[in-house]
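Asks: Here it is: the structure, laid out below.
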Amino acid sequence: MDLVALIDRADALIAALIAAGGTWLASRESRRTNLRATLDASAQETIDRLETSIERLDTQVAELQRKMGIHDSYASYAISEMRRVEEHLEANGMHWPPPPPMSFYAWLNEQDKMN
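Residues 1 to 115 (the numbering used here) are what the sequence shown spells out, left to right.
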């Protein structure tokens, strides 16, 4: 074997090793890219699910706040009516609340009898 043939074979071997290494690196990079894409897609799906859940919760909170506002309005109306009735009763010499064993209607009849 002469020196030129040996150098040619070594050169071919080095070229083959470089090509194999390049293929291995490309394959490794491809796997990394695929893994990154898979993780990114999975993370995006999770983010989308969380955003949907947050939107649903925001809707539920808004609905509860609306209902609470309605109940607050009813409660304030009931309290103002109760105070108005109490003032009316006091102004007419009637006393509220009635004694415990007496029903409201029995108490009202008693008040009518007193006046």
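Note that the Cβ used here is the ideal one computed from N, Cα and C, for glycine as well.
If you're wondering where the values come from, they're calculated on a predicted model, not measured in any experiment.
Could you pull out every unbroken alpha helix (DSSP H) segment of at least 4 residues lying fully inside the stretch 20-70, listed in chain order?
Replies: Correct list: empty.
Asks: Would you tell me roughly how many angstroms separate the C-alpha atoms of H71 and E86, rounded to the nearest one?
Replies: Position 71 of the sequence shown, counted from the first residue, corresponds to residue 71. Position 86 of the sequence shown, counted from the first residue, corresponds to residue 86. C-alpha separation (whole angstroms): 22 Å.
Asks: Put M82 into one of helix, strand or coil per three-state DSSP.
Replies: As a working mapping, residue 82 is identified with position 82 in the sequence shown. Note: M82 maps to helix in three-state DSSP.
Asks: What residue does the alpha helix (DSSP H) around D112 start on, and which one ends it?
Replies: Residue 112 sits at position 112 when you count from the first residue of the sequence shown. Start and end: F104 to M114.
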